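**Q** Sequences listed follow chains B and U, in order. Here the working numbering is used: the first residue of the first sequence is 1, the next is one more, and so on. Here the working numbering is used: the first residue of the second sequence is 1001, the next is one more, and so on. The C-beta atom is built at its ideal place from N, Cα and C for all residues, glycine as well. These numbers were taken from a predicted model, which means no experiment stands behind them.
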Amino acid sequence: MHPKLAEFLAGCRDEAPLQLGVVPFGMLYGIGAIQAGMPAWLAQLASAVVFAGAAQLVIVQMLAVGAGALPIGLTSGLLNLRHMLYSMSIAEHVRHLPRRWRLLLAYLLTDEAYAVAILRYQVTPPPDDRPDLRHWYFLGCGFTLWLTWQLSTAAGLLFGASVPAGWDIDFAVPLTFIALLAMLMKERAGQAAALVAALAALAFAALPYKLGLVVAIVLGLVAGVWASRRREVAR
Amino acid sequence: MSTAALLALLVVIGLVTFVYRYAMIGLFAKRSLPGWLHALCRHIAPASFAALTAGELFIHGGEVVLALAAPKPWAALVAALVAWRTGNVLATIGAGMAALYVFKWLF
């Protein structure tokens, strides 16, 4: 087998187990998008253009409650900021590549692909005797995740279209947020951010276009950062 | 929101997300980001999810509605307990949906 193909397939193989966790999220997004009234083609297109699970679920939820473009854009812009951190972390390993490679790998840089690819870069040193092909591994990770995300979105769209509105299946999206919150709130700082954001969301409920949600998130951020600062000082 | 407006919004969000992803790989020569950005990123997800969940449960038509016989907040409470005990997303959704049907039937 060609060494590039072997490296690509190794990336696909190591990324594969994570797909078990990705499929339900992709399906949930598809179901939620249909229930929120998004045209199916647009929801599928978003999975390719935005390609960020948490942000897509948030967009769907905000559409469902009638939020305007500005709050949806601001919230997604904040939620996806973390990709800059991944970009920084992986930069030293891909800087030497031609631009077309860097553009492609940047597009494929998601939480799950980053997690697997960075391990390869950190654990497997570049070989001395032959060229470094680890970017093919990264491509294998990214491609596997991309394919799963598109297919599970499509499956969710098909399923969502066949579920009657009376079943309240769209409630699965906030339930997902609750499940993720339970994990994130194991950290004290996460607790402060979540608590303040939830209370502020109610306090600013009357703002137009659901802008109160953005105000709430920003106040939650301030509270979270303040709480972790305080703990550092106390230590 | 019209379909055209939503398409435009999604394209803008996609472009911004791509710029984040490409930023340190291809745009800036600087190799590190400020520490406050790291600190900030840890709180964005919990703050967003909490604000959206609170809105879904207690805001109807721009007004805060706190009612005792409301199925969704009670179902969310059941889901939160399951999430806290199991840490499992699918179990949380299953329990929350089942609880929602039960409370809708009860109230």
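So the alpha helix (DSSP H) I90 of chain B belongs to, where does it begin and stop?
**A** 82-94
**Q** Can you pull the chain B residues whose beta carbon is under 8 angstroms from the beta carbon of L1090 of chain U, in chain order?
**A** P24
**Q** Which first and last residues belong to the alpha helix (DSSP H) in which W167 of chain B is found?
**A** No alpha helix (DSSP H) contains W167 of chain B, which DSSP labels as neither H nor E.
**Q** Where A951 of chain U and F143 of chain B are concerned, what is the direct C-alpha to C-alpha distance, given to the nearest angstrom?
**A** It is not possible to answer for residue 951 of chain U, since the shown part of chain U is limited to 1001 through 1107.
**Q** At a Cβ threshold of 8 angstroms, is Y121 of chain B touching chain U?
**A** Chain U contact via Cβ: absent.
**Q** What does V1186 of chain U reach in chain B if we use C-beta pairs closer than 8 angstroms?
**A** Here chain U covers residues 1001 to 1107 and nothing more, so residue 1186 of chain U does not appear.
**Q** Are there three or more Cβ pairs, one per stretch, closer than 8 angstroms when the stretch 197-204 of chain B is compared with the stretch 1049-1062 of chain U?
**A** The stretch 197-204 of chain B is in contact with the stretch 1049-1062 of chain U.
**Q** In whole angstroms, what is the alpha-carbon distance linking M185 of chain B and L57 of chain B?
**A** 19 angstroms
**Q** Counting pairs of Cβ atoms below 8 angstroms between the stretch 154-169 of chain B and the stretch 1008-1022 of chain U, do you hit three or more?
**A** Short answer: they don't touch.
**Q** Of all the CB atoms in chain B, is at least one closer than 8 angstroms to the CB of V1102 of chain U?
**A** no
**Q** Please check if any C-beta of chain U sits within less than 8 angstroms of the C-beta of G190 of chain B.
**A** At least one chain U Cβ lies under 8 angstroms of G190 of chain B.
**Q** According to DSSP, what are the bridge partners of H1060 of chain U?
**A** U:E1063
**Q** So what does DSSP say about T176 of chain B, is it helix, strand or coil?
**A** T176 of chain B: helix per DSSP, three-state reduction.
**Q** Considering I1013 of chain U, what are the terminal residues of the alpha helix (DSSP H) in which it resides?
**A** 1003-1022
**Q** For L97 of chain B, which residues of its own chain have a beta-carbon under 8 angstroms away from its beta-carbon, when the five flanking residues on both sides are left out?
**A** L105, H135, listed in sequence order.
**Q** Between S76 of chain B and chain U, is the shortest Cβ-Cβ distance under 8 angstroms, so that the two count as touching?
**A** yes
**Q** Taking all protein chains shown into account, do 16 or more other C-beta atoms lie within 10 angstroms of the C-beta of G1035 of chain U, making it buried, or fewer, making it exposed?
**A** exposed
**Q** According to the neighbour-count rule (16 or more other Cβ atoms, all chains shown, within 10 Å of its Cβ), is Q122 of chain B buried or exposed?
**A** exposed
**Q** Identify, in the order they occur along the chain, each residue of the same chain with its Cβ nearer than 6 angstroms to the Cβ of C141 of chain B, setting aside the five sequence neighbours on each side.
**A** G11, E15, A113, V116, A117
**Q** Do you know how far the Cα of L85 of chain B is from the Cα of G1026 of chain U?
**A** 14 angstroms
**Q** Suppose you measure from the CA of F1103 of chain U to the CA of T1092 of chain U; what does that come to, to the nearest Å?
**A** 16 angstroms
**Q** Counting only Cβ pairs nearer than 8 angstroms, list the residues of chain U close to A182 of chain B.
**A** Result: A1080, A1083, W1084, G1087, T1092.
**Q** List the endpoints of the continuous alpha helix (DSSP H) containing S76 of chain B.
**A** 69-79
**Q** Can you grab the Cα-Cα spacing for the pair L63 of chain B / L103 of chain B, in whole Å?
**A** 30 angstroms
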